[in-house]
Each structure stands twice: as structure tokens, then as C-alpha cells.
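Engineer:
There are 4 protein chains.
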Amino acid sequence: MTTAVATGMQELLEELVVAHRPRGPVGSVPASIPHLGRVEPTSFGIAVATVGGDVYAAGDSDVPFSIQSISKVFSLALALRQDSANTLWRRVLREPSGTAFNSLVQLEAESGIPRNPFINAGALVVTDVLQEQRGDARGQVLAFVQALSGSSEPAIDGAAAAGELERSSRNLALANFLADFGNLRCDVRQVVEHYVGHCSITMSCRDLARAGTFLADGGRVGPWAGEPWSALTAEQTRRINSIMLTCGLYDAAGEFAYRVGLPGKSGVGGGIMAVAPGRGTVCVWSPGLDAKGNSVAGAAALADLSSHLGWSVF
Amino acid sequence: MTTAVATGMQELLEELVVAHRPRGPVGSVPASIPHLGRVEPTSFGIAVATVGGDVYAAGDSDVPFSIQSISKVFSLALALRQDSANTLWRRVLREPSGTAFNSLVQLEAESGIPRNPFINAGALVVTDVLQEQRGDARGQVLAFVQALSGSSEPAIDGAAAAGELERSSRNLALANFLADFGNLRCDVRQVVEHYVGHCSITMSCRDLARAGTFLADGGRVGPWAGEPWSALTAEQTRRINSIMLTCGLYDAAGEFAYRVGLPGKSGVGGGIMAVAPGRGTVCVWSPGLDAKGNSVAGAAALADLSSHLGWSVF
Amino acid sequence: MTTAVATGMQELLEELVVAHRPRGPVGSVPASIPHLGRVEPTSFGIAVATVGGDVYAAGDSDVPFSIQSISKVFSLALALRQDSANTLWRRVLREPSGTAFNSLVQLEAESGIPRNPFINAGALVVTDVLQEQRGDARGQVLAFVQALSGSSEPAIDGAAAAGELERSSRNLALANFLADFGNLRCDVRQVVEHYVGHCSITMSCRDLARAGTFLADGGRVGPWAGEPWSALTAEQTRRINSIMLTCGLYDAAGEFAYRVGLPGKSGVGGGIMAVAPGRGTVCVWSPGLDAKGNSVAGAAALADLSSHLGWSVF
Amino acid sequence: MTTAVATGMQELLEELVVAHRPRGPVGSVPASIPHLGRVEPTSFGIAVATVGGDVYAAGDSDVPFSIQSISKVFSLALALRQDSANTLWRRVLREPSGTAFNSLVQLEAESGIPRNPFINAGALVVTDVLQEQRGDARGQVLAFVQALSGSSEPAIDGAAAAGELERSSRNLALANFLADFGNLRCDVRQVVEHYVGHCSITMSCRDLARAGTFLADGGRVGPWAGEPWSALTAEQTRRINSIMLTCGLYDAAGEFAYRVGLPGKSGVGGGIMAVAPGRGTVCVWSPGLDAKGNSVAGAAALADLSSHLGWSVF
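Protein chains in written order, with UniProt numbering: chain A, 1 to 314; chain B, 1 to 314; chain C, 1 to 314; chain D, 1 to 314.
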């Protein structure tokens, strides 16, 4: 990458911070997760990590935040990586859900097989798979994102996890329901605990962007992850990207596909990770959420970035 | 009651035993409750307790069996009796459910308010109310049926309850779901335990018929229950009877209303209790179930009895 | 019936008129059926026809009103009467629906077999059966209620029917959906026309009460219907009564069963017909509806009447 | 394009024909559309039209077939093109449906607003919009595909349309249901007729590929469409592509996104049109369908083609 381009990217990110950092509270923060309400509402960070190994960052890009559902991408990748018996896709489908992300109706209609790994039911099954594969699902996911980002900073926010666990009735309902259909095999309470645990991982935009570049590069990790290795095969990477594009933004997947045109995954912590295949991975963070649970400023900034760079796949 | 009538009733019950006792296994027993599978499949008992204080019984009428969902009638009656603040009907509706008895769909659509107290979700709420009112819901229901039947024989089958608790994923899902909507207030696991506990009460047909006569007599208990007292007001009794008639037989309430024409409540243990207002209460038991979860021989015998005596309310 | 009793009944009805006739508009009238909005809101009529052949009436008991869904009872009775091949119950179930009366969801889930003959889908199937049996379903139902009431006054309000037909998109949707499942066999549009037609029959409380006594008397019609004949067998009558009790009041069947304790059928024209088996049939009419679509004043008056006479079956 | 590349593409298509043309009947053909059953089961055609104006074709690429739901792409594009008041997106959403393509449940839950323009309900609304805009929706769509492909061969198969109309109960149900919610404004029967009409357009792979290149080229039509013009803006094109990717393959959108990695739209006539943004448009046709309603051989061939050319967007 020439200096000119590098400068261009850095300038673009700085401009996006100026354009999109909220001047005050926007949207809402989830009432059910108290610690998320304590974040400074004008926070805004953005980082791009390219497949060439460059990292650009601006705004609050080094502030750790709760990655929440973005952890579903990494837990899925890890479960696939370890799925030597190739059984994961028998326990969770890969189709858009078309309903609120935590609905039980679909699950009942389809005999306990979640529509995709990004709705809560699907992510609980993936966590159960990790727990079955090697135990300590939460710890596995943490070690994985640390390795992928070449950083020891990603950590589990224990107090946050404990607070969320107390408000996990819906997830406990889902998990028991899955167990009733035989699609949860480890201890139900433990699976929910580990699920909430890996959702409570805190990471900065910079580290998340670095951790996600394998999705933009056919499975190959970035230079920050040590000696070259592949987290997944190119085929597995395509699989995850296609699921992100069709199911990654809760009930706004279609809208995001249009506005941003990239596979993405959001979390109610205000983060969004987007993948530009062959180019790099972007992470943006700002805590105020829209009615569908996605970062207001984050989605707008990604749309701008994608438009400026011509990165939309459409 | 004249001797002639008494003889007539006794003879009728004997004839019903001859006509309806299965010659071998009929229907099915619930796979999810192992101890129910160990019951002798040709068991058949029947008892009638009149508002006049007479009791007639035939067949295996003194054999204790698992009353299962029939306990929902007694836990509801007890919760109403103790509902001085009159809040129960804000937490559970009184309308037919029109879906399988353990569906989560309706609950989601109606924000955690179960359609009636006889579907599992509703019975869990009732158990939660008892637990809130005086603690030890299971023990309260047991003491209540002992008092109503004037018998110390009703007991909780601890081993059966423990076995069912292990297979209670669906009920734990329901209970956590209710808790998520704020409609379960005590500890979720404890509520399910007490719910399974009072479903595991064992009683004979004779004791169940005696315990249920207050429903046929405007709330007044039978002479076997000691000094005259009223378990409920006449109005509360009518309320329970109307719910039994519209919702007491799972997804076969309409069919039972037609064939038997009496308020009734069945359990997957093979028991059915039916109430003939102003006349008396009938209990029949035979373990083989039809596809809807109701005793095959029991429902047939009740239809015969109702027809012979002209007891149908229609 | 002694004069004393007769006087008692007549006085009771007069008192009910005084107590329940609205002083002004109460509840609502259906926006989708314009002609119903033109009825005087303080209208209130009541009539009782006994199995002994006496008729008592008070208030606006001779004013014809639109019977709307009450016609479903008569079309069902007629279809059963003519169902020599005994195929009706293969095409419609007899269980409570537990959802709004015009929902398509249940129909889709259960492959086009309506839950009961009183939800719109079920009534369309019954109309199709009549149309198949002898053609001119609308005319058949009219002739039937004229014969049952011994009156030539029941008539089809053609202008009202035409107005309703124009707003029948939902019924056309239901009918086409049933046809798609093979459960509607005559011309779809014609079936809806005849359905709307028999719902647009106008009758007075007096005539409706007289027409309905066969349901209280094992199928036998009243003396006003000419030479003694039976509209249905006693068994068929019980069948209809049990369906009325579990499904006759839209989504308030449970509440009505408790408050009134009698099989009943309401219509959005403000009429309610209730059956006291062995005693007689009551018809009450007042146009203001509650949120569930049942006459506010009518339901209250029936509860009072049932309570005064001790007619509740519970 | 150099001759070498051209040769490469042509050879690839020839190889795909050899590899994927069925040797006999595979999958199924829709029972509800009789004329589709008369197509030769071993038919297989494929064509690619590039944004540079080249067209490659192999197999039965000049045989006209029933485009069925692929017409939904063109009717949507045309409605958008003419939507000067910008009201279309108030009447139909743009999110994946996650249920069978003709379900009524979602529609009821969301008050008559279809989830996206490619499920039948959504396509009926789009047809209604066309009918409102300029009348003769069917004729408009036909003229549009003729103009886009620069060919007069696309035609409406009147006999097929008439046959389908006779079996359109489900679509009539949907359309009446939409009308009931006020989301269908023209005559219901006429809308269904025009909808079935434009679904009955027959086109060859070659013409379809040519007609679809505007989607790969920011809205610009190919040279075969006469003087340069734009069918849509680049933004509108991206919108349609993102909807195709998330909703274009019925309930297999996720699977197709993974296997092929391109926006696509299938029809039960066995055709699939796929768009490679910036490159070109592919059309493949083979009549045997899988359980989700997509061409078995067609989807396999597209996966191969995408893989060989590296055209997946992921």
C-alpha cells in the first residue's frame, strides 16, 4: 500500500469520526444489561485492518467495549474449526430468521433446530458444541480472539457477565427448550453462563478489526497473529461471510446489506464488525442503538465508508 | 338417597368396570415420565362421591395413582381460596387455549400471560402464587387434598417427582420464559420443583372423588372432611367448573364436553375427575392414553355413566 | 307453567329491561359493517321461549335486528340435519380456537381444517356444505329459521348483505385459502355471498328465542313450528350445545361460561342466544359491543337472568 | 475482452452443460402448474451477458421457458423506476422472510405489510403498484423485458397463465388478505391475473441474461437495448441486488449465498438469474426442482461457474 492510500484511509477515518460521533445521547441502550448503560454516549471509535497487514484507527478506537453478539462470529468460527466430525450444521440451520432475534416460535415450529447461528438459540447451540468439544467455551473464545488479534487485552468483564446472567431468563428459557428437543447436551445453566461469558468479552475497535481480518482473507490471520496460520479454510470463511450478510444484523440484515453492502455482525454493546472480502475488516463502535438493536452512528459511518471506498459487494 | 338408588349406582359402576377395563395395553403411556410406564395396563377404577355424602366405588378404586394434571384443579382452588388481594386473574387468563397444552407460542404472543390455569404455563403461575402466599406450594396442595378427602393416604411420590424433574426441560423453559415477562416471582427452579411435586401426588379414585365434591356442591366439602366448611364460595366453584369444561381435557375439551357433558380434568397418569353440579363428583382411572393425553377407557366409561344417569349438562 | 311462574318470568324480563337498557351509546359497533351503525344505541330486547311452549318477551323484543353470527348455529344445525353421509366433521373440528375469530394462522397450521364451525373459516365450510347439499345455502337457512320460529318475518336484508359483501376481503381470503386446501368445493365467491347472506338475516328476539328451543329440548321444535317434528336428534343437539359453550362467544367463551353458565352464541349485530337445556332458550339484543365483539348489555342481562333463575349448568 | 477470455467463458459454459445437464428426470416439477410438467426434463441452458456487451451461451440457451418468479425482479425494477412519489417501500419491507414463500402468518403478524417484494404477497403488492401507476401491469412488464433484452421474443404464454389462474386460490387468498389491510388498491382478481400473467412470460436464457445486465452495471442497459439508457439508478440497482441476495431463493437464500455467492432469483419454471456486480449476469435453466423450489442442476451449475470464475462476493 502506498503512503498516499494510507494517508487517504487515515483521513477518511478521521473524517468519519467528525461526521458521526454523537453530540449527545442518541437511540437507546438495552435496559436488560445495566452495565451497558454506563458507557459514555458520545463514544465513537473506528478501525480498519487490511489483508495487507495495515491498521488504521481513529476516535475511541482503543477503548475496550462489550462485544456482545459479535462474539457469535468468533465462537462460530472456532466451533467450525474444531468440528472434525462435521456435525455442527446438523444442529443449526443457515437461513435468515425473519423474526425477532430471540423468538421461540420458530424453534418450536422447527423442532428445536435454530434458523442460524446468530440468533440467540443458534449461538447457544454453538456454545454447547464448544463446551462439548473442549470444555470452558468462554475461555476458548477468549483465547481465540486474543490469538487472532495478537493482543492480550481482550478480557471477560466478570462483573458485567454476572449482571447479565441474573437477567438471562429468556436465554435460560431458550436453552431449556433446546434441551427439551435434545439439541443442548451439556448442563443447561453452564451453557448459558459460558454464552453470557463470551458475550461479555471486551475489546477495542483496533483489536476487533485485527481479529476479524481472517474473514476478509480466506481464513488467513494477520501478521499481528504471529507466524502465518489459517483460522479457517477459504470455504468455511465464505460460509461465515454469507451468514453474516444474510443474518448478521438482527432484523435489519436486508437494510444493512443495501446501505453498507458488506457482511457484518452487530452487538448491543454498540459495536459492528464488517468484512470487505479481499480488502480488510472494519470495526466501528458507538453505544446508542436503533430500534432493531444496531448502533445508529456505527451503521451510518459504515455506510459512508463503504460508499467512499466503493467496497459494497453489490 | 334411597337404597334402591344406591344399589343402582353401585351396579352401574360394577358394569362400567366390566365393560371398560382394558384386556391388555391400550393407547400409550407418556415416554417422558418413566414411572408411569410401570403401571399395570389393565388397571381400571371408578368412584362416585355424591353431594349427599355417599361414596360408591368399583374396580381398582383404592389403588393410588399419580394424579398429574388433576392436581392443577386443587392448586387453583387453593390459590383462589387464599387470594385475598384478588390478583390471581391478572396473571392468568380463563380462556381455552386451542393449542397443545405446553406451547410457548401463545405465551410469547400474549406477553407471558397464560391462556388458562390448566395449561402448564398457567399451572406454573398458580404454583408460583401458592409459593408466594405461604411457601411450600407442594406441601400446601398435599395438605389440601388430604383435608378435602378426609384421608391421610394422599402422598407425594418422591422418587417419581425426582424422575420427572430430571425431564422437566420444557417446564423449565416455560418457567424461565414466564420469569422473563415478570410473571414468575419465586425462584424458577423451586417453582418447577413444587409444580412437579404436586403433580406427583398419588391418590385413589375413592379419595379423589371425595376430595372433589366441593366442586359439585357450591364449595361445601363432604362429611368425610370433618365439621362442615366451605373450600370456596359458590361463585369461585362455578368459575373453576367453567374452566374445567372449556379447558380441562387438553386439546379434547370440545369432544369431552360433547361425549360426557360435564366439567372434567384429566391427567397423563390416566385419571379423570368429572363434576356433576348438584349431584356429585366422579373419578375414573385407567393408564392407557389417547393421542391427546386422556385416558382411553376412562373417557369412554365417563361417557357411558353420564349417558346412563342423564348427567350431561347439555 | 302456573300463572305465578309465568308472572315471575315476565316480571323478571321487565326488570332486566329497566336494569340493562343503555341510557346512551355503550361499547362500539363494528366499523366494517356500516348498516349496523345505524341502529338506535339504546335498543334492548329480551325474550324467553320455554320447552313447554310459553314465550315471554320485554323491551324491543319485536324489533328485527341483524343476527349475524347467530346464523352459524342454524346453518350448522341444518347442515348436520342433511348430513346423511356423515362427512361434515371431517371438514371442520369441534375444539375451541383460542385466537381471534378470523385468524388465518390456525388454518395454515392445521392444513385448512377450521377449529370449529363458529369461527368464520368453519362457518364458510358449513355454508359450502349446505351449498353442496341442496344449493341456495342462504335461502335454505332462511327457510329453516322461518320454519323453526313459525314466523314469516325473518328476512334477508339485501342492502345490508350487499354492503357487507363489499367489505368481505377477509372472508374472501379465508374462503380462497380453504379452497387452496381443497376444503371449499363450490364457487368461492358464491360461498362468501351465501355466507354473508345468511348472516344478514334479520329476526326479532321473540322469533329467535322460538327458533332456538329445539336446542333446549333434545331437538324437538316448539308448538309454533306446526305439527311436532324434530330438527335434530338429541345427540346432535348436545353436540351443538357443547360447541356453543366452548366456542360460541368468540374469544370470551370462558368468561361467558362462568358468568352465564349456558351454551350461547353471539353476533356482532348485538344479539346473543343462550340455551338452558331442558328449560328454554333466551334471546337478548342490544347493539353496543365489548372489545371481544359481544353485546355489553346483552351479556350482563343474561348473567343476571341466569343467576336469578339458577339456570347456570355449573 | 480478449479472444482468449472469450474462448475461456464459452468453453466453461460448454463444460457446465456437459457436467450438469440431467440424464433423466431429477427433483420435481410443481404439481400446481400443469404446463410446467410438460417440459423435457433433461433441458439445460446457460447464458452469460457481460457488462462489456458480450454474450456467451450453451445448451438449450435459446429455448424459451416460463420465467415464473424471476419476473418479480423485473416488475420490482419497473415499479421502482416509475415510483416518483417514492411510496413503494411503505407498502413492502426489504427483509428476509424466514418462512415458506407463500405463508400468510407473517402477513397477519405484520398488518399486511409483506416482508419483501419476492414473496408472493410482496410481488402482488408490486403488481398492484404497477397497475396503479399505468394500468396493464402484465403488459408493462412484458414491454420492459423486451426493451431490456432488445428482443421481441419474450411473450406471455396465455394458455399457461389461464391454467395457473385456475389454481390461484392461494394467491387470491393473499390478495384478498392484503386488500383487507388496505394494501391492495386495484381490483383483487385483476391484480392476481396480471401477476400470474407476468409470471407466465417465457424467455430464453440468452434473453434473460441480456435483460438482467443492468443489475450488474449500475442500472445501465446493454448495447442490445438500443441507445444507452439507464433502467435504474446505481443506488436502486444495489437495493435490488441486496434483496436478491437475502431473499431471492425462497427458503434457501442462505445456502445459495454460500454456494454461489451472488445475488440471484429463481423461478419454479427452473430458471435462475444471478448477478455478478461489475461483471455480468448469468441465466441458467433446467426444470427439475429441489425441495425448496429451486432448479437442482441450475444451482449446481451456478456454484461451479462462480467457483471457476472467482465471482463470489464473499
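Virtual Cβ for every residue (Gly too), placed ideally from N, Cα, C. No experiment lies behind these values; they were computed from the predicted model shown.
Out of C:V145, C:S286, C:S204, which has the shortest C-alpha to C-alpha gap to S28 (chain C)?
Structural biologist: Nearest C-alpha to S28 (chain C): C:S286.
Engineer: Ordered along the chain, which non-local residues of its own chain (more than five positions away) have a Cβ less than 6 Å from that of R91 (chain A)?
Structural biologist: Correct list, in chain order: V125, N183.
Engineer: On a Cα-Cα basis, can you pick out the residue from B:E15, B:A79, B:N241 that is closest to Y56 (chain B)?
Structural biologist: Minimum Cα distance to Y56 (chain B) is reached at B:E15.
Engineer: Out of D:V63, D:I70, D:D251, which has the shortest C-alpha to C-alpha gap to S200 (chain D)?
Structural biologist: Nearest of D:V63, D:I70, D:D251 to S200 (chain D), Cα basis: D:I70.
Engineer: With 8 Å as the C-beta to C-beta threshold (strictly closer), list the residues of the segment 272–287 of chain B near chain C in chain order.
Structural biologist: Residues passing the 8 Å Cβ filter: P277.
Engineer: Could you compute how far the alpha carbon of V188 (chain A) sits from the alpha carbon of T237 (chain A)?
Structural biologist: Distance between the alpha carbons of V188 (chain A) and T237 (chain A) is about 29 Å.
Engineer: Identify the residues that DSSP records as bridge partners of R81 (chain B): which are they?
Structural biologist: For R81 (chain B), which the question treats as bridged, DSSP gives no partner whatsoever.
Engineer: Give a yes or no on whether 7 Å exceeds the smallest Cβ distance from A155 (chain B) to chain A.
Structural biologist: No, A155 (chain B) lies away from the interface with chain A (no Cβ there is under 7 Å from its Cβ).
Engineer: Does any residue of chain C have a CB that is nearer than 7 Å to the CB of F144 (chain D)?
Structural biologist: Chain C, which has no Cβ nearer than 7 Å to the Cβ of F144 (chain D), makes this no.
Engineer: Using a threshold of 7 Å, state whether the C-beta atoms of V73 (chain A) and G280 (chain A) are closer than that.
Structural biologist: No. Outside cutoff.
Engineer: Less than 7 Å between C-beta atoms, sequence neighbours within five positions excluded: which residues of the same chain meet that for N176 (chain A)?
Structural biologist: Only V188 meet the Cβ criterion.
Engineer: Have a look at C283 (chain A) and M273 (chain A) and give me their C-alpha separation to the nearest angstrom.
Structural biologist: Distance between the alpha carbons of C283 (chain A) and M273 (chain A): 4 Å.
Engineer: With respect to the alpha helix (DSSP H) encompassing Y56 (chain A), which residues constitute its N-terminal and C-terminal limits?
Structural biologist: Looking at the DSSP string, Y56 (chain A) is not in any alpha helix (DSSP H); the run it does join, the beta strand (DSSP E), is 55–59.
Engineer: In three-state terms, what does DSSP make of I240 (chain C)?
Structural biologist: Here I240 (chain C) sits in helix by DSSP.
Engineer: Which first and last residues belong to the alpha helix (DSSP H) in which S149 (chain C) is found?
Structural biologist: From DSSP, the alpha helix (DSSP H) with S149 (chain C) extends over 137–149.
Engineer: If you compare alpha carbons, which of A:Q10, A:V26, A:L12 is closest to A297 (chain A)?
Structural biologist: Comparing Cα positions, the closest option is A:V26.
Engineer: Could you check the C-alpha separation between G191 (chain A) and A123 (chain C) for me, to the nearest Å?
Structural biologist: Here residue 191 (chain A) is Val; the residue named in the question, Gly, does not match the sequence. Approximately 49 Å between the Cα atoms of the pair.
Engineer: Check distances from the C-beta atoms of the segment 245–260 of chain C to those of chain B and list, in chain order, the residues that come in under 9 Å.
Structural biologist: Answer in chain order: L245, T246, C247, D251, A252, A253, G254, E255, F256, A257, Y258, R259.
Engineer: Using a C-beta cutoff of 7 Å, does R94 (chain A) count as contacting chain D?
Structural biologist: At least one chain D Cβ lies under 7 Å of R94 (chain A).
Engineer: Can you tell me whether M1 (chain A) is helix, strand or coil according to DSSP?
Structural biologist: Unreliable placement is indicated for M1 (chain A), whose pLDDT of 38 sits below 50; the coordinate value is still reported in the next sentence. Coil at M1 (chain A), not helix or strand.
Engineer: Thinking C-beta only, is F314 (chain C) closer than 7 Å to S242 (chain B)?
Structural biologist: In this structure, F314 (chain C) lies closer than 7 Å to S242 (chain B) by Cβ.
Engineer: Give me the residue from D:D207, D:L289, D:P114 with the minimum Cα distance to L142 (chain D).
Structural biologist: Comparing Cα-Cα distances from L142 (chain D) to each of D:D207, D:L289, D:P114, the minimum goes to D:D207.
Engineer: Starting from W89 (chain A), trace the alpha helix (DSSP H) in both directions and tell me its first and last residue.
Structural biologist: From DSSP, the alpha helix (DSSP H) with W89 (chain A) extends over 88–91.
Engineer: What does S312 (chain D) touch in chain C if you count any residue whose Cβ is under 9 Å from its own?
Structural biologist: The premise fails here: S312 (chain D) is roughly 36 Å from chain C at the closest Cβ pair, so nothing lies under 9 Å.
Engineer: I'd like to know whether the C-beta of S204 (chain A) is nearer than 7 Å to at least one C-beta of chain D.
Structural biologist: No, its Cβ sits nowhere closer than 7 Å to a Cβ of chain D.
Engineer: Please state whether DSSP places I119 (chain A) in a helix, a strand or coil.
Structural biologist: The answer is coil: DSSP assigns I119 (chain A) none of H, G, I, E or B.
Engineer: Quick check: is the beta carbon of F74 (chain D) nearer than 7 Å to any beta carbon in chain C?
Structural biologist: Judged by the 7 Å Cβ criterion, F74 (chain D) is not in contact with chain C.
Engineer: Starting from S266 (chain B), follow its DSSP beta bridges and name the residues at the other end.
Structural biologist: Its beta-bridge partners are B:I272.
Engineer: Check whether chain C comes within 7 Å of N176 (chain D), counting only Cβ atoms and requiring the distance to be less than that.
Structural biologist: Yes, because at least one Cβ of chain C sits closer than 7 Å to the Cβ of N176 (chain D).
Engineer: Can you pull the DSSP bridge partners for T50 (chain C)?
Structural biologist: In the DSSP output, where bridge partners are listed per residue, T50 (chain C) has C:G280.
Engineer: Could you run through the segment 219–242 of chain B and flag, in chain order, every residue whose CB is less than 7 Å away from some CB of chain C?
Structural biologist: Within the segment 219–242 of chain B, the qualifying residues are R238, R239, N241, S242.
Engineer: Find out if the Cβ-Cβ distance for the pair residue 339 (chain A), G163 (chain A) is shorter than 7 Å.
Structural biologist: As shown, chain A starts at 1 and ends at 314. That puts residue 339 (chain A) outside it, with no answer to give.
Engineer: Does the distance from the C-beta atom of A209 (chain B) to that of A49 (chain B) stay below 7 Å?
Structural biologist: It is a contact, given that the beta carbons lie within the stated cut-off.
Engineer: Please return the same chain residues whose Cβ sits closer than 8 Å to the Cβ of S111 (chain D), not counting the five positions on each side in sequence.
Structural biologist: Hits under 8 Å: F181.
Engineer: Measuring straight from C-alpha to C-alpha, what distance separates Y258 (chain B) and S295 (chain D)?
Structural biologist: Cα to Cα, the separation comes out at about 50 Å.
Engineer: What is the DSSP secondary structure of L13 (chain D), counted as helix, strand or coil?
Structural biologist: Of the three classes helix, strand and coil, the one that applies to L13 (chain D) here is helix, per DSSP.
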